[in-house]
Amino acid sequence: MADVISDYQKWKQQGENLRAQAKQAMEARFRELLAEAVSIAEEYRADFGAPLKAPPAVTAFRFKTSAKGKARKASKPAKPGKPAAPAPPPAATAKTPSAGKPAEAKPDPKVAGLQKQLATAKKKLEDAKAANTPTRKIEDRIYEIEDELRLSGQSA
8 MADVISDYQK WKQQGENLRA QAKQAMEARF RELLAEAVSI AEEYRADFGA PLKAPPAVTA
68 FRFKTSAKGK ARKASKPAKP GKPAAPAPPP AATAKTPSAG KPAEAKPDPK VAGLQKQLAT
128 AKKKLEDAKA ANTPTRKIED RIYEIEDELR LSGQSA
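The sequence shown maps to residues 8 to 163 in my numbering.
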């Protein structure tokens, strides 16, 4: 009887140790994945001008941009002029000391996002016209985007 009890206590202790190790490993992996998700979300926002939406099932995680994210976002609007060459702009800013002038003239991120939406909507309109499909919804969306752009221009 004492052997069974001692075996059980050893098994229980091993289980507790294994449980603690698994807990630490899972926490570390979770933090790793979350950090990667944050960096992907920041890159997406910087490249496309809109926040990346989480799946509907994920409601507990909230991410607020850091000062670093804002600095990256501020440097990214200079890139839309040269989207095909993402590497040269950092070198260009290092070479030119007058980088302050383009920074003052940089467009509002909201306006840049609206301009991208407008370009996409116009492409969809052209495709719909070519395919002889109804275009009213697309035309309405273009009108809404243009209206938002006009309003953004007045407030800026």
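Even glycine gets a Cβ: it sits at the ideal position worked out from N, Cα and C.
query = Where residue 145 and residue 134 are concerned, what is the direct C-alpha to C-alpha distance, given to the nearest angstrom?
reply = If you take the alpha carbons of residue 145 and residue 134, they lie about 11 Å apart.
request  = For residue 157, count neighbouring C-beta atoms within 10 Å of its own C-beta (all shown protein chains included) and say buried if the count is 16 or more, exposed if not.
outcome  = Under the 10 Å beta carbon count, residue 157 is surrounded by fewer than 16 other beta carbons and is classified as exposed.
request  = Since I believe residue 123 is in contact with residue 56 (beta carbons under 8 Å), could you give me their beta-carbon distance rounded to a whole number of angstroms?
outcome  = The pair is a contact, with the Cβ atoms about 6 Å apart (cut-off 8 Å).
ask   = How close, in whole Å, do the beta carbons of residue 121 and residue 149 come, if the pair is a contact with beta carbons under 8 Å?
value = Contact flag wrong, Cβ pair sits at about 11 Å.
query = Among the residues of its own chain, which have a CB less than 8 Å from the CB of residue 30, if the five just before and after it don't count?
reply = Once the five neighbours on either side are set aside, residue 30 has no close Cβ partner at all.
query = Over what stretch of residues does the alpha helix (DSSP H) that includes residue 10 continue unbroken?
reply = Following the DSSP letters along the chain, one finds residue 10 inside the alpha helix (DSSP H) bounded by residues 9-55.
message = Check this for me: beta carbons of residue 41 and residue 52, under 8 Å apart or not?
response = Not closer than 8 Å, so no.
key: residue 12 burial status per 10 Å Cβ neighbour count (16 or more: buried)   = By the 10 Å Cβ count, residue 12 comes out exposed.
inquiry  = If the criterion is Cβ atoms closer than 8 Å, does the pair residue 136 and residue 127 meet it?
reply    = Cβ atoms of residue 136 and residue 127: not closer than 8 Å.
task = Along the alpha helix (DSSP H) that carries residue 127, what are the first and last residues, could you check?
result = For residue 127, the enclosing alpha helix (DSSP H) covers residues 116-137.
ask   = Considering only the beta carbon of each residue, do residue 181 and residue 115 sit closer than 8 Å?
value = Limits of the chain in this structure are 8 at one end and 163 at the other, which puts residue 181 out of reach.
message = For a test of the three-state rule: what should DSSP assign to residue 144, helix, strand or coil?
response = Three-state DSSP puts residue 144 in a helix.
ask   = When you compare only the Cα positions, how much space is there between residue 16 and residue 61?
value = Cα to Cα, residue 16 sits roughly 45 Å from residue 61.
query = Buried or exposed: residue 49, going by 16 or more other Cβ atoms within 10 Å of its Cβ?
reply = Within 10 angstroms of the beta-carbon of residue 49 lie 16 or more other beta-carbons, which makes it buried.
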